[in-house]
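Student: Numbering (this note's numbering), first residue to last: 165 to 238. In this text, a Cβ means the ideal position worked out from N, Cα and C, and glycines have one as well.
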């Protein structure tokens, strides 16, 4: 059995009441698991941004196809 590593994901969300929350840090094996945990705590929230933290390296996570061109151009 291989040990799995948890990755820390930083989310920026808008709650259903309209409040914007920055720097919500959630651990997960992958983006989908971290997003599932987030949605358990903040139902009906809108995810504005997601960044994966691998040690000191931060990598933006693309949540939809519209973000792909802007990520490539960086």
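Below 8 Å on the Cβ atoms is my contact criterion, and I expect residue 175 with residue 190 to pass it. Report the Cβ-Cβ distance as a whole number of Å.
Tutor: At roughly 7 Å, the Cβ-Cβ gap stays under 8 Å, so residue 175 and residue 190 are in contact.
Student: What separation, rounded to the nearest whole angstrom, lies between the Cα atoms of residue 196 and residue 216?
Tutor: The straight-line gap from Cα to Cα measures roughly 12 Å.
Student: Just to confirm my understanding: we take residue 180, look at its own chain, exclude 5 residues before and 5 after, and list those with CB closer than 6 Å. What are they?
Tutor: Within the same chain, residue 180 has close Cβ partners 208.
Student: In whole angstroms, what is the alpha-carbon distance linking residue 206 and residue 177?
Tutor: Approximately 9 Å between the Cα atoms of the pair.
Student: With 16 as the cutoff for other CB atoms within 10 Å, does residue 225 come out buried or exposed?
Tutor: Label assigned to residue 225: buried.
Student: Using the three-state DSSP reduction, which class does residue 173 fall into: helix, strand or coil?
Tutor: Strand, per DSSP.
Student: Return the bridge partner residues of residue 178 from the DSSP annotation.
Tutor: In DSSP, residue 178 forms a bridge with 184 and 210.
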